[in-house]
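Residue numbers (my numbering), protein chains in the order written: chain P, 33 to 142; chain Z, 33 to 142. Data first, discussion second: the structure below is written as structure tokens.
Number of protein chains: 2
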Amino acid sequence: MNAKTTTVSKSKPFTDLQALNQAAECLRTLAHPHRLRMIQMLLRGRYTVGELAEACQIANHMASEHLRLMQRCGFLTNLKEGRKNYYQVAEPHLAQIMHCIETRFDANNQ
Amino acid sequence: MNAKTTTVSKSKPFTDLQALNQAAECLRTLAHPHRLRMIQMLLRGRYTVGELAEACQIANHMASEHLRLMQRCGFLTNLKEGRKNYYQVAEPHLAQIMHCIETRFDANNQ
DNA sequence: TAAATATATCGTAACATTACGATATGTCAA
DNA sequence: TTGACATATCGTAATGTTACGATATATTTA
């Protein structure tokens, strides 16, 4: 009937409710336009709170909160240098997931 | 670790705010444990509202609402057969995205 | 036609998320 | 030490999401 016509191969569905909840929580953290933008930038380099805020056109303290959220669920780590705080990607799966999302939503590819 | 080390390559970051909003909206739709479970099932076959509800241990009318949400953002389509309503996956990128999520969160792979 | 079944919709209460001004902390330079 | 800068935290109003009982629709069976 169904199944596996594509490249997708070895992963298993997690029946485990705890895994489902965890996955949902991480996806919720991902599911915000400014946070997506920040992750896209951080996958290509490291940036300060202020630089990310400017790119998203939001106040610095808002950027700071988004970054804290993403750090909490393990997406990012930070490194303070003087009064600047550099964030970078810590979760190795993020690149792959963002790649999926980018190929799906980039207007040029549609 | 596993396959697909090659895949991350050609996608571009979408500066476009509209694309970011769209992506965020779809991710929000994905970001619910019951909806994730339903998508996992539907990637492997087609099921009725009642079957999905039972698998998630929720009331039928709740399952119905989750399915409607996922249909709205293009993840699913439905096919009525008598009084049953079969849902199936319509968005081809879902398999790949779920694969990413499954490899990240399956307890057995941790 | 009436009852049973499967699904969908509505109204709403409970809860979560977001944005943002105000304020606090830590760092540097004069 | 003072002032400016970069970032973080708090309180809260506005908004969005979820769950769920009640009810509606559509289909099959008796």
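Heads up, the beta-carbon is just placed ideally off N, CA and C, and yes, glycines get one too.
Tell me the residue span of the beta strand (DSSP E) that contains Q120(P).
Per DSSP, Q120(P) belongs to the beta strand (DSSP E) from 116-121.
As assigned by DSSP and simplified to three states, the class of I75(P)
Residue identity differs from the one stated: residue 75(P) is Leu in this sequence, not Ile. DSSP places L75(P) in coil when its eight states are reduced to three.
At a CB-CB cut-off below 8 angstroms, which residues of chain P make contact with C132(Z)?
H125, Q128, I129, C132
Just to make sure I have the definition right: I need the residues of chain Z whose C-beta is within less than 9 angstroms of the C-beta of T135(P). Which are they?
In chain order: K42, S43, H125, Q128.
Continuous alpha helix (DSSP H) stretch holding G82(Z): start and end:
81-88
Bridge partners - N110(P), DSSP secondary structure assignment:
Y119(P)
I'd like to confirm something about A56(Z): is its beta-carbon nearer than 7 angstroms to some heavy atom of the ligand NAP, or not?
The ligand NAP is not part of this structure, which contains no ligands at all.
In chain Z, which residues lie less than 7 angstroms from A56(P) when you measure between Cβ atoms?
A63, H64, P65, L68
G77(Z) versus A56(Z), R60(Z), Q120(Z), residue with shortest Cα-Cα distance:
Q120(Z)
Per-residue burial, M94(Z) [other beta carbons within 10 Å of its own, 16 or more giving buried]
If you draw a 10 Å sphere on the C-beta of M94(Z), you find fewer than 16 other C-beta atoms in it, and that means exposed.
Inter-residue Cα distance where the pair is F107(P) and E123(P)
Rounded to whole angstroms, F107(P) to E123(P) spans 5 angstroms at the Cα level.
Can you check which of these residues, A56(Z), E134(Z), L84(Z), is closest to R100(Z) by C-alpha distance?
L84(Z)
Taking Cβ-Cβ distances below 7 angstroms as the criterion, which residues of the stretch 89-119 of chain P are in contact with chain Z?
none
What is the DSSP secondary structure of H64(P), reduced to helix, strand or coil?
coil
L84(Z) versus chain P: which residues are under 9 angstroms apart at the beta carbon?
The premise fails here: L84(Z) is roughly 13 angstroms from chain P at the closest Cβ pair, so nothing lies under 9 angstroms.
Can you find a C-beta in chain Z that's less than 8 angstroms from the C-beta of L59(P)?
yes
Secondary structure of S43(P), DSSP reduced to three states:
If DSSP states are grouped into helix, strand and coil, S43(P) belongs with coil.
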